[in-house]
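Numbers 1 to 338, taken from my numbering, label the letters of the sequence shown in order.
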Amino acid sequence: MKRVVVTGESQCGLEDFDDPGVAENYAKIKIHAAPLCTEFHVFLRGMQRPLGGHEAAGEVVEIGPAVTMVKPGDRVAVMPQSGCGVCDLCTSGDHIYCPDKKDPKAICGNETGTATLGQYCVQQDWLLVPIPDDISYDHASMACCGMGPGFNANQTMQVMPTDTVLISGLGPVGLGTSITALYRGARVLGLEMNPYRVALAKDMGVEAVVDPTSDDALDEIMDLTDGKGVDKSVECSSVETAPEFLIQAAALRGQIASPGWGGPINARDVNRKGLTVHGCWHWNHQRDASVMMGTIRGAESLLDKVITHTFPFSEVQQALETRASNECGKIILHPWEN
Ligand SMILES: [Zn+2]
Ligand SMILES: [Zn+2]
Numbered sequence: 001m002k003r004v005v006v007t008g009e010s011q012c013g014l015e016d017f018d019d020p021g022v023a024e025n026y027a028k029i030k031i032h033a034a035p036l037c038t039e040f041h042v043f044l045r046g047m048q049r050p051l052g053g054h055e056a057a058g059e060v061v062e063i064g065p066a067v068t069m070v071k072p073g074d075r076v077a078v079m080p081q082s083g084c085g086v087c088d089l090c091t092s093g094d095h096i097y098c099p100d101k102k103d104p105k106a107i108c109g110n111e112t113g114t115a116t117l118g119q120y121c122v123q124q125d126w127l128l129v130p131i132p133d134d135i136s137y138d139h140a141s142m143a144c145c146g147m148g149p150g151f152n153a154n155q156t157m158q159v160m161p162t163d164t165v166l167i168s169g170l171g172p173v174g175l176g177t178s179i180t181a182l183y184r185g186a187r188v189l190g191l192e193m194n195p196y197r198v199a200l201a202k203d204m205g206v207e208a209v210v211d212p213t214s215d216d217a218l219d220e221i222m223d224l225t226d227g228k229g230v231d232k233s234v235e236c237s238s239v240e241t242a243p244e245f246l247i248q249a250a251a252l253r254g255q256i257a258s259p260g261w262g263g264p265i266n267a268r269d270v271n272r273k274g275l276t277v278h279g280c281w282h283w284n285h286q287r288d289a290s291v292m293m294g295t296i297r298g299a300e301s302l303l304d305k306v307i308t309h310t311f312p313f314s315e316v317q318q319a320l321e322t323r324a325s326n327e328c329g330k331i332i333l334h335p336w337e338n
């Protein structure tokens, strides 16, 4: 099979690898949609090695002897990372926090494992979310990082039409978060300075986008909320100062969810304002799979705006250059197209 390999600074190509094998409860998936996430950092630095990738949707083509939950021919979204499958976190759908993750490369005896920037990957059967027939692979692949963490933020904070939601960082994760917040009928504000992404967010229906580096940024958010601050906010920028900004911008008794990995928060202000802060790395695929697929189905036109580019595998160089330029929303590779 073909796999994306970085060959030099901002250079990549495709190389041949052995297909991954299956064992135990692992299934082999033929990947039809492989969204790009943060892999472009490795591409820019020229670290010469295969690119991993952790987002995919595709078709089950082979199953291990202990697989019970999928069969060949099933269309599935592949959840990122692994999990032991037996701890309380795994069995309740929060495998992403499992402290005892399995090693699919060792178990299946192959060199690719769950890496998704290739034509095949393997994953445990319980980490494959069925895709309804009327949802495309591209759209279903947004159930990984594209919409996953922000969807969890919206679910956890129970975002509703009476809420004003501030989204910090309108890159692929922030734009994906906007999809769910807009679909749920909330008033959405953004913090972003990249002109391409500001324009894209406004086209989606984000009411106002404030430049977080401006001296007036906090005043602007306060003006937009009649001096009260925002009810709910989602940190998607991973900028060091962003969590603190959201604490200042929060309404009293407000909520903040963070898919981002930014800097410190001040417990004194959290307590003084009575805020609730949630960590949102991924989403709960056992409890919320039908809500996720329902959101994807209902928000189709917003997904088509956020998925700004798709590339066949042969154009992976252009795909990663586009991702690195930040002149994009979500980018999806099609490993079986030339
Ligand atoms: Zn576990
Ligand atoms: Zn990701």
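For glycine and all other residues, C-beta sits at the position ideal for the given N, C-alpha and C.
- A straight line joining the alpha-carbon of residue 10 with that of residue 314 spans about 16 Å.
- 9 Å or more divides the Cβ of residue 133 from the Cβ of residue 49.
- Around the CB of residue 47, fewer than 16 other CB atoms lie within 10 Å, so the residue is classed as exposed.
- Here the region 324-332 makes no contact with the region 16-31; the two share fewer than three CB pairs at distances below 8 Å.
- Between the region 248-258 and the region 269-277, the count of Cβ pairs shorter than 8 Å is three or higher; the stretches touch.
- Short of 7 Å from the beta carbon of residue 7, and not among the five residues preceding or following it, lie these beta carbons of its own chain, in chain order: 13, 48.
- At a threshold of 8 Å, residue 90 does not count as near ligand 2, since its beta carbon sits no closer than that to any of the ligand's heavy atoms.
- Beta-bridge annotation (DSSP): residue 170 is not paired with any residue.
- Ordered by chain, the residues meeting the criterion of a beta-carbon within less than 5 Å of a non-hydrogen atom of ligand 2 are 37, 145.
- By DSSP's assignment, residue 190 forms a beta bridge with 167, 209.
- Between the alpha carbons of residue 43 and residue 226 lies a distance of about 44 Å.
- Of the heavy atoms belonging to ligand 1, none sits nearer than 8 Å to the Cβ of residue 328.
- Three or more Cβ pairs drawn from the region 171-189 and the region 198-211 lie within less than 8 Å of each other, which places the two stretches in contact.
- Per DSSP, the beta-bridge partners of residue 16 are 2.
- Within the region 27-103, the runs of alpha helix (DSSP H) at least 4 residues long that lie entirely inside it are, in chain order, 40-45, 88-91.
- Comparing alpha carbon positions, the residue from 301, 17, 307, 278 closest to residue 156 is 278.
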